[in-house]
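Student: Note that the sequence shown covers residues 37 to 228 in this note's numbering. Beta carbons: idealized from backbone N, C-alpha and C, even for Gly.
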Amino acid sequence: MKYYILFGPPGAGKGTHAAAVVRDYNLKHLSTGELLRAEIAAGTELGKKAKALIEAGALVPDEVVEGMIESAFKNTKGVDGFLLDGFPRTLAQAEALDAMLAKNGEELSGVVSIMIPDELIRVRIKKRANEEGRADDASDDTINNRIRTYHNQTEPLIDYYRKAGKYHEVAGDDPVLEVNRARVLALMQELS
Ligand code: ADP
Numbered sequence: 037m038k039y040y041i042l043f044g045p046p047g048a049g050k051g052t053h054a055a056a057v058v059r060d061y062n063l064k065h066l067s068t069g070e071l072l073r074a075e076i077a078a079g080t081e082l083g084k085k086a087k088a089l090i091e092a093g094a095l096v097p098d099e100v101v102e103g104m105i106e107s108a109f110k111n112t113k114g115v116d117g118f119l120l121d122g123f124p125r126t127l128a129q130a131e132a133l134d135a136m137l138a139k140n141g142e143e144l145s146g147v148v149s150i151m152i153p154d155e156l157i158r159v160r161i162k163k164r165a166n167e168e169g170r171a172d173d174a175s176d177d178t179i180n181n182r183i184r185t186y187h188n189q190t191e192p193l194i195d196y197y198r199k200a201g202k203y204h205e206v207a208g209d210d211p212v213l214e215v216n217r218a219r220v221l222a223l224m225q226e227l228s
């Protein structure tokens, strides 16, 4: 099985480009953000706990998202691999992922990182707030916290995966969506 991580700050275009990647490579798209929003919509206990954290721009606990990913790995059939979107977001999650894969004799196939500068994060998230109506996209405070959370907790993963020889980066800053998507797909082709 192939295990790819789609990495990048909020608003980099991970969710947007994931669709084309999973279609071309017969992968299952696993977005922890989407899985959490589904729990919130369904009104589960987990969803109730996650809601406040997400709307504050903080992360939900590592164990919660690790459990979601592990059960998705177990319960997904008929694909050639997985595209992880929004996971891992902390060093602890990255280590947990390595352990999950190693337990089954598997390893990470590569990290596809989409980079944009902080100013563009704000512009993209504002645009998305109008289109998708996500509560965590609406307020400046939440957006600022998410940017801070990204730099403090998630950005260190770049070094972690560089050291492992798994890190690959493209720029996601072109104003034309298809240009950014073509960069992501070209990198996937190199990795596969
Ligand atoms: P974006 O890429 O725009 O930040 P996501 O849909 O990936 O949006 O995530 C939305 C929110 O869900 C995050 O800000 C965080 O609160 C929570 N979340 C998603 N993935 C994780 C994760 N791996 N660990 C902890 N919290 C997560």
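Alpha carbon to alpha carbon, how far is D195 from A138? Give it in angstroms, no decimals.
Tutor: Within the sequence shown, the letter at position 102 stands for residue 138. Within the sequence shown, the letter at position 159 stands for residue 195. In this model, A138 and D195 are separated by some 20 angstroms (Cα to Cα).
Student: In angstroms with no decimal places, state the Cα-to-Cα distance between S107 and K64.
Tutor: Position 71 of the sequence shown, counted from the first residue, corresponds to residue 107. Position 28 of the sequence shown, counted from the first residue, corresponds to residue 64. When rounded, the distance between both Cα atoms is 13 angstroms.
Student: For L71, count the other beta carbons within 10 Å of its own beta carbon; 16 or more makes it buried, fewer makes it exposed. Which is it?
Tutor: Position 35 of the sequence shown, counted from the first residue, corresponds to residue 71. When all chains shown are included, L71 counts as buried.
Student: Return the chain-ordered ranges of every beta strand (DSSP E) run that is complete within the segment 127-183 and spans a minimum of 3 residues.
Tutor: Counting only runs of 3+ residues, the beta strand (DSSP E) found wholly inside the segment 127-183 occupies 146-151, in chain order.
Student: Return the residue from the list N166, V148, G141 and L119 that minimises the CA-CA distance to A218.
Tutor: Here residue 218 corresponds to residue number 182 of the sequence shown, with the count starting at 1. Out of N166, V148, G141 and L119, V148 has the C-alpha closest to the C-alpha of A218.
Student: Chain D beta carbons: is any one of them nearer than 9 angstroms to that of R182?
Tutor: The chain labelled as chain D is not found in the depicted structure, where only one protein chain is given.
Student: Taking the alpha-carbon of E226 as reference, which of A174, H187, Y203 and G51 has the nearest alpha-carbon?
Tutor: Numbered from its first residue, the sequence shown carries residue 226 at position 190. It is Y203 whose Cα lies nearest to the Cα of E226.
Student: Apart from the five residues just before and just after S145, which ones in its own chain have a Cβ nearer than 6 angstroms to its Cβ?
Tutor: As a working note, residue 145 is residue 109 in the sequence shown. Correct list, in chain order: K38, Y39 and Y40.
Student: Per the contact definition of three or more C-beta pairs closer than 8 angstroms, is the segment 121-130 in contact with the segment 180-195?
Tutor: For the pair of segments examined, the segment 180-195 was found to touch the segment 121-130: the number of CB pairs separated by less than 8 angstroms reaches three.
Student: Can you tell which of K84, N181, A200 and L156 has its C-alpha closest to the C-alpha of G208?
Tutor: Here residue 208 is taken as the residue at index 172 of the sequence shown, counted from 1. Measuring from the Cα of G208, the nearest candidate turns out to be L156.
Student: Less than 6 angstroms between C-beta atoms, sequence neighbours within five positions excluded: which residues of the same chain meet that for H53?
Tutor: Here residue 53 is taken as the residue at index 17 of the sequence shown, counted from 1. Excluding positions up to five away in sequence, the list reads R217 and V220.
Student: Return the residue from the list L95, R198, N62 and A55 that minimises the CA-CA distance to I179.
Tutor: Taking the sequence shown and counting its residues from 1, the one referred to as residue 179 is at position 143. For the residues L95, R198, N62 and A55, the minimum Cα distance to I179 belongs to L95.
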